[in-house]
Amino acid sequence: MLAMESSGSATRIKKCAFDLLSIGDDLMDDADSWDLFRRDLTLKSTFLYCDFSQIISNAPKDQKKALTELGNKLFCSIEELDRAVKIQNISLTQDRYNDAAVILQEVMAIIP
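Under the working numbering, the first residue of the sequence shown carries the number 0, and numbering increases by one thereafter.
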């Protein structure tokens, strides 16, 4: 059962990371796109948080520290991105998005 839960969590993490990576080109400077991007970011980051926690809980002891550090790095960058989206600054949002994208690619590479 635990292996199936971890497999589902890993699949959702990869899906959310892929979705967030694919919306970067759609960052636009109008009220509707800001709201849509922020809602999508909130939803995806919630799934990422829950699933990342599940992966860390089920990981072997020697992998927990590295996964925890990667998770902390990811969620810190997502918080910074969220702040940039809240103030609707396109250049800051693009910069924070690029930072988050690098970490999301790391996540996709390390998650089984």
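Just so it is clear, CB atoms sit at the ideal spot from N, CA and C, and this is done for glycine as well.
Rounded Cβ spacing between residue i and residue j (contact assumed at less than 8 Å)
i	j	result
R37	D81	7 Å
K72	I102	6 Å
E105	L69	6 Å
Alpha-carbon to alpha-carbon, residue j and residue i
i	j	result
D44	F74	The sequence shown places Ser at residue 44, rather than the Asp named in the question. Whole-angstrom Cα-Cα distance: 8 Å.
L20	A100	6 Å
A83	L40	12 Å
S5	K63	14 Å
L42	D61	30 Å
A76	K85	Checking the displayed sequence, the identity of residue 76 turns out to be Ser instead of Ala. Using only the alpha carbons, I get a separation of about 14 Å.
R95	A58	29 Å
Residue i - containing alpha helix (DSSP H), residue span
i	result
A83	60–86
I55	30–57
I102	89–109
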